[in-house]
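**Student:**
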Amino acid sequence: MNKILVTGGAGYIGSHTCIELLEAGYEVVVVDNLSNSNTEALTRVKSITGKDIAFYQVDIRDRDKMNAVFSEHAFSAVIHFAGLKAVGESVAQPLKYYDNNIYGTQVLLEIMQQHDLYHLVFSSSATVYGEPASVPITESFPLSAVNPYGRSKLFIEDMLRDVGASDPRWNAILLRYFNPAGAHCSGLIGEDPKDIPNNLMPYITQVAVKKLASLSVFGSDYATHDGTGVRDYIHVVDLAKGHLCALEKLQSKPGVVPYNLGTGIGYSVLDMVKAFEKASGCEIPYSLVDRRPGDAAICYADASLAKAELNWQAELGIEDMTRDSWRWQSGNPNGYEDT
Ligand code: NAD
Ligand code: UD1
Numbered sequence: 001m002n003k004i005l006v007t008g009g010a011g012y013i014g015s016h017t018c019i020e021l022l023e024a025g026y027e028v029v030v031v032d033n034l035s036n037s038n039t040e041a042l043t044r045v046k047s048i049t050g051k052d053i054a055f056y057q058v059d060i061r062d063r064d065k066m067n068a069v070f071s072e073h074a075f076s077a078v079i080h081f082a083g084l085k086a087v088g089e090s091v092a093q094p095l096k097y098y099d100n101n102i103y104g105t106q107v108l109l110e111i112m113q114q115h116d117l118y119h120l121v122f123s124s125s126a127t128v129y130g131e132p133a134s135v136p137i138t139e140s141f142p143l144s145a146v147n148p149y150g151r152s153k154l155f156i157e158d159m160l161r162d163v164g165a166s167d168p169r170w171n172a173i174l175l176r177y178f179n180p181a182g183a184h185c186s187g188l189i190g191e192d193p194k195d196i197p198n199n200l201m202p203y204i205t206q207v208a209v210k211k212l213a214s215l216s217v218f219g220s221d222y223a224t225h226d227g228t229g230v231r232d233y234i235h236v237v238d239l240a241k242g243h244l245c246a247l248e249k250l251q252s253k254p255g256v257v258p259y260n261l262g263t264g265i266g267y268s269v270l271d272m273v274k275a276f277e278k279a280s281g282c283e284i285p286y287s288l289v290d291r292r293p294g295d296a297a298i299c300y301a302d303a304s305l306a307k308a309e310l311n312w313q314a315e316l317g318i319e320d321m322t323r324d325s326w327r328w329q330s331g332n333p334n335g336y337e338d339t
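The working numbering puts the first residue of the sequence shown at 1, with every later residue one more than the last.
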């Protein structure tokens, strides 16, 4: 296992994973169409690690170009991050999500098969649990989707289970991320949303640097300790390390298996606001508004399977996430745009 193809490697989680891979001695090849990222992230990954990355600006749906990349390199596995992830946009433009995420993955699997490569780590999401009936959520909970983005993740999981059932050479680890937050401790790479953020942490950090005026807290009447929604925020560096554990696990030829990557701890929106204020020294103005349709009250992982079988568990906490998010955002108020 030494040369890894990372699709979507210029993005938020992908760039953090590239650092961990390079530091662990893997060779890394990134394919990204840059639809939601910037090559500056990879330049910074190289400067943090002092190591090189081969980069191809290629869309995973482009069979010819993907074929050429696979012909040039002998990969031992693929880590597949490439995908669109904005829930609201997926409701407005579902076909774009089905084309990019589902068809894109289909092409990737076909090319892998043609090149006799059957080892994959896939970026799934806790969204595949739909509206969970209880918490903590284990991998055996029923799966469902509440929007086209979620449906694309669920369909890709099903596609992988189908190919796994059709041919035992396939091994795929489905990593169901809970809520990624934080940034690399260097402050050089982090989350850089192109539009107004949908997710809580990047919204808070943009309020802190005054790019946005105030946070709207969606719902204050949930049955939680302070009435606001509870989630399992996980540091992106912990998440990145989970991919290395998944690569190790692939060597045992496990078939197609899902793992939750979360901390097992739930924090409310207001817990996150307070922790961020403490870490940054900035006040975060907010107002309590109506619930956002489709939001669950409480969502957090039972991550014991990943601990038992991947030998992985989250090591960083809310102070690390808020401190590192702030270091990234304050040092790069306009993300990678200024470079
Ligand atoms: P991101 O947008 O920062 O990274 C995705 C990368 O994929 C981007 O660099 C984008 O340019 C690239 N890409 C998209 N479509 C492509 C295509 N057709 N061909 C080549 N490259 C393409 O997002 P992220 O937060 O790093 O998420 C990575 C993966 O994890 C995604 O699949 C996402 O759905 C999944 N995920 C993310 C979260 C989260 O909250 N960030 C949670 C659960 C799952
Ligand atoms: C959302 C997506 C989910 C996706 C995940 C990662 C929805 C319904 N769910 O999860 O499918 O996998 O992002 O991309 O969009 N909040 C506010 N104000 C804000 C933003 C968020 O109060 O401006 C609250 C939300 O109501 C929620 C919490 O913060 O309680 C976390 O929200 P968010 O970061 O968007 O993540 P999820 O909703 O968990």
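Quick reminder that beta carbons are idealized off the backbone N, C-alpha and C, glycines included.
Would you tell me roughly how many angstroms separate the C-alpha atoms of S90 and G331, rounded to the nearest one?
**Tutor:** Each residue's alpha carbon lies about 31 Å from the other.
**Student:** By the three-class DSSP mapping on this structure, what secondary structure does Y149 have?
**Tutor:** Helix, per DSSP.
**Student:** Near A54, what residues of its chain come up, given a Cβ to Cβ distance below 6 Å and the 5 sequence neighbours on each side ignored?
**Tutor:** Closer than 6 Å at Cβ, skipping near neighbours: V29.
**Student:** Tell me where the beta strand (DSSP E) around T7 begins and ends.
**Tutor:** It spans 3-7 - the beta strand (DSSP E) in which T7 sits, taken as one unbroken run.
**Student:** For a test of your reading of the model: does the CB of K249 fall under 6 Å from any non-hydrogen atom of the ligand UD1? Yes or no.
**Tutor:** Result no, Cβ not under 6 Å from the ligand UD1.
**Student:** Check I13 in the structure and name its three-state DSSP category.
**Tutor:** In the structure shown, I13 sits in a helix (DSSP, three-state: H, G or I).
**Student:** DSSP state of A293, grouped into three classes?
**Tutor:** The displayed chain sequence assigns Pro, not Ala, to residue 293. P293: coil per DSSP, three-state reduction.
**Student:** What does a CB cutoff of less than 7 Å around D52 pick up in its chain, not counting 5 residues either side in sequence?
**Tutor:** Excluding positions up to five away in sequence, the list reads K46.
**Student:** Answer yes or no: do D232 and T263 have a C-beta to C-beta separation smaller than 7 Å?
**Tutor:** Their beta carbons are under 7 Å apart, which means D232 touches T263 by this criterion.
**Student:** So does Y300 have its beta carbon nearer than 6 Å to some heavy atom of the ligand NAD?
**Tutor:** Incorrect: Y300 has no Cβ contact closer than 6 Å to the ligand NAD.
**Student:** To the nearest angstrom, how far is the alpha carbon of P148 from that of E72?
**Tutor:** Cα to Cα, the separation comes out at about 35 Å.
**Student:** Can we count K85 as close to the ligand NAD, meaning its CB is less than 6 Å from some heavy atom?
**Tutor:** True, at least one ligand heavy atom lies under 6 Å from that Cβ.
**Student:** Pull up the CB-CB distance for A77 and L42, whole angstroms please, since I reckon it's below 8 Å.
**Tutor:** Actually they are not in contact, since the Cβ atoms of A77 and L42 sit about 19 Å apart, beyond 8 Å.
**Student:** CB of N2 to nearest heavy atom of the ligand UD1: below 6 Å?
**Tutor:** The answer is no for N2.
**Student:** Evaluate contact between the segment 160-168 and the segment 236-252, counting only Cβ atoms and requiring at least three cross-stretch pairs below 8 Å.
**Tutor:** No, they do not touch.
**Student:** Quick check: does the Cβ of P132 come within less than 6 Å of any heavy atom belonging to the ligand NAD?
**Tutor:** No, since every heavy atom of the ligand NAD falls outside the 6 Å radius drawn around the Cβ of P132.
**Student:** Leaving out five residues on either side along the sequence, give the residues of the same chain with a beta carbon under 7 Å from the beta carbon of I102.
**Tutor:** Excluding residues within five positions, the ones whose Cβ falls inside 7 Å are S152, F155, I156.
**Student:** Around the C-beta of A126, are 16 or more other C-beta atoms found within 10 angstroms, so that it is buried, or is it exposed?
**Tutor:** It counts as buried.
**Student:** Taking the beta carbon of N38 as the centre, do at least 16 other beta carbons fall within 10 Å, making it buried, or is it exposed?
**Tutor:** By the neighbour-count rule (16 or more Cβ atoms within 10 Å), N38 is buried.
**Student:** Which whole-angstrom value is the C-beta distance of A297 and T224, which I expect to be below 8 Å?
**Tutor:** Their Cβ separation, rounded to whole angstroms, is 6 Å, which keeps A297 and T224 in contact under 8 Å.
**Student:** State the DSSP-derived secondary structure class of N179, mapped to helix, strand or coil.
**Tutor:** If DSSP states are grouped into helix, strand and coil, N179 belongs with the strands.
**Student:** Between the C-alpha atoms of K65 and V58, what's the straight-line distance to the nearest angstrom?
**Tutor:** Roughly 7 Å between the two C-alpha positions.
**Student:** Fully enclosed by the segment 75-137, which beta strand (DSSP E) runs are 3 residues long or longer?
**Tutor:** As far as the segment 75-137 is concerned, its whole beta strand (DSSP E) runs of at least 3 residues are 77-80, 119-125.
**Student:** Quick one: does the C-beta of G229 sit closer than 6 Å to a heavy atom of the ligand UD1?
**Tutor:** Result yes, Cβ under 6 Å from the ligand UD1.
**Student:** Are W326 and G187 closer than 7 Å when you measure CB to CB?
**Tutor:** No.
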